[in-house]
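These notes are about the structure you will find just below.
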Amino acid sequence: MRKFVLLCVVMLLLGCQGSAPCVKSNIHHNDALTSNPYYVLVSKFWEERARLTSKPSFGGDVAVGDLHHILEPLGPNSIGISALPPERYSLVWSYRNVGDYDWDGEVSVADITQVADFFGYTAPDGQTPSYKLKADGDGNGEVGVSDITPIAYNYLSAVSGYIIQGSQLDGEFTDIVQIDDEALGVQIFHGWHKTISWDCTGQEYDLFRVVPVDLNGQRSSPSNIAGSVWIQPNILSVSPTWVWSGGGEPSYVGQEITFSVELSEESVPPFAYDWDFGGASAPNTSTEQQVMVNMTEIGEFWIHISVSNQWGTDSWSFPVVVNPV
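Residue numbering for the sequence shown is 46 to 370, as defined by the working numbering.
Structure, rendered in structure tokens:
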């Protein structure tokens, strides 16, 4: 029955692509129809194809929005037991082609199957959602009839690869390389995202972005701009070091301490600072680079500092012991 219904969809779609006008269905999607998801989804697809008078240009619905540049964790090395392995950098982003629920690179009739298979799934509150949420094209947290609209709207939208671009802070973006879907490096499937990782070790640009291309090589809208690791905030140290180094020396109730944070020279301002003294002091929070506090509580506390710029965030946490006088 399922194959028959999908075959009907294909036949109807081919008819719609011809010279014959599309006819809008008068079916209402009520509670009774939702008991037969295939029938509802086929009807909804047909309605949406008839309602949409023009296909949008290749662009926003494939643009990447979460590109970031990372330093990979150090792993085993083959140089020698006392030598650190060379640093390796990657560009990481999530594949995006709204309506392509089976992640095959193109929005097509076959994606209706994903909606039907996961029909009715709702993302749980406060928990990691299942992979089934990949069929939630309208982003409302539930897989349902409304997720047919992105398939109809972006029908035949395809992403065959990406152009990777780089720039210095004061320069213009230039193409580094164009890669197709079969050469995108490591592809990690976790949760409900298709994550793409490209090794960019040796690329010394300050800024990066990726541009999707379709089957004809047409470029889409570029991604967000990702700042390289070295221009993101990099905390080198927090003063005074006696508070946390060598196991940390105790402070005392009523003692005034001036804390400050040191960043690498490559980190690019402006910076936003966020201190949290864990209830040990007054004031207990600050947004200054340097802050004087009075240690007001007895016990062991954790102090946390985060520094952000437009390209990223770095954090540091350390314990402090406050003794009675």
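Glycine is no exception: its CB is placed at the ideal position from the N, C-alpha and C atoms.
- Residue pairing from DSSP leaves Thr194 without any beta-bridge partner.
- Shown here, Gln263 sits in coil according to DSSP, grouped into three states, outside any helix or strand.
- Under the Cβ criterion (8 Å, minimum of three pairs), the segment 240–256 does not count as touching the segment 193–206.
- Of the candidates Ile276, Pro118, Leu136 and Leu178, Ile276 places its Cα closest to the Cα of Val313.
- Taking C-alpha positions only, Ala180 is separated from Phe163 by approximately 7 Å.
- Collapsing the DSSP output to three states places Phe218 in coil.
- Taking C-beta atoms under 8 Å as the contact rule, Ser135 and Trp243 qualify, at a distance of about 6 Å.
- Secondary structure at Trp148: coil, using DSSP grouped into helix, strand and coil.
- Bridge pairing for Asn339: Glu301 and Ala327 [DSSP].
- Counting the other CB atoms within 10 Å of its CB gives Glu333 a total below 16, which places it among the exposed residues.
- In the assembly as shown, Val222 is an exposed residue. Its beta-carbon has fewer than 16 other beta-carbons within 10 Å.
- By the neighbour-count criterion, in which 16 or more other beta carbons inside 10 Å mark a residue as buried, Met337 falls on the exposed side.
- Using a Cβ distance threshold of 8 Å, Gly165 and Val143 do not count as a contacting pair.
- DSSP lists Trp347 as the bridge partner or partners of Pro364.
- If you look at Val160, you'll find it in the alpha helix (DSSP H) that goes Asp156 to Asp162.
- For the pair Val352 and Phe316, the CB atoms are nearer than the 8 Å cut-off.
- In the structure shown, Tyr176 adopts helical secondary structure according to DSSP, grouped into three states.
- Taken atom to atom, the span from the alpha-carbon of Ile209 to that of Ser191 is near 34 Å.
- With at least 16 other beta carbons inside 10 angstroms of its own, Leu178 counts as buried.
- For Val255, the enclosing beta strand (DSSP E) begins and ends at Leu252 to Val258.
- Beyond the five residues adjoining it in sequence on each side, Val109 comes within less than 6 Å, by CB distance, of Trp138, Arg141, Val255 and Ser268 in the same chain, given in chain order.
- The beta carbons of Ile348 and Ser362 sit closer together than 8 Å.
- Between Pro278 and Thr358, the alpha-carbon positions lie close to 6 Å from each other.
- Exposure of Trp287 is indicated by the presence of fewer than 16 other C-beta atoms within 10 angstroms of its C-beta.
- Looking at Ile270, Arg264 and Gly182, the one whose alpha-carbon comes closest to that of Glu217 is Ile270.
- DSSP links Trp243 through a beta bridge to Leu136.
- The criterion of a C-beta distance shorter than 8 Å is satisfied by Val204 and Asp259.
- In the three-state reduction of the DSSP assignment, Ser282 falls in the strand class, which pools E and B.
- With fewer than 16 other Cβ atoms inside 10 Å of its own Cβ, Tyr176 counts as exposed.
- Residue nearest to Cys245 within the set Val154, Ile224 and His238 is Ile224 (criterion: CA-CA distance).
- Counting along the chain, Asp183 sits inside no beta strand (DSSP E), nor does DSSP assign it H or E at all.
- Contact between Tyr297 and Asn368 holds: their C-beta atoms lie close to 5 Å from each other, under 8 Å.
- Nearest to Pro169 by alpha-carbon distance, out of Gln159, Gly186 and Gln263, is Gly186.
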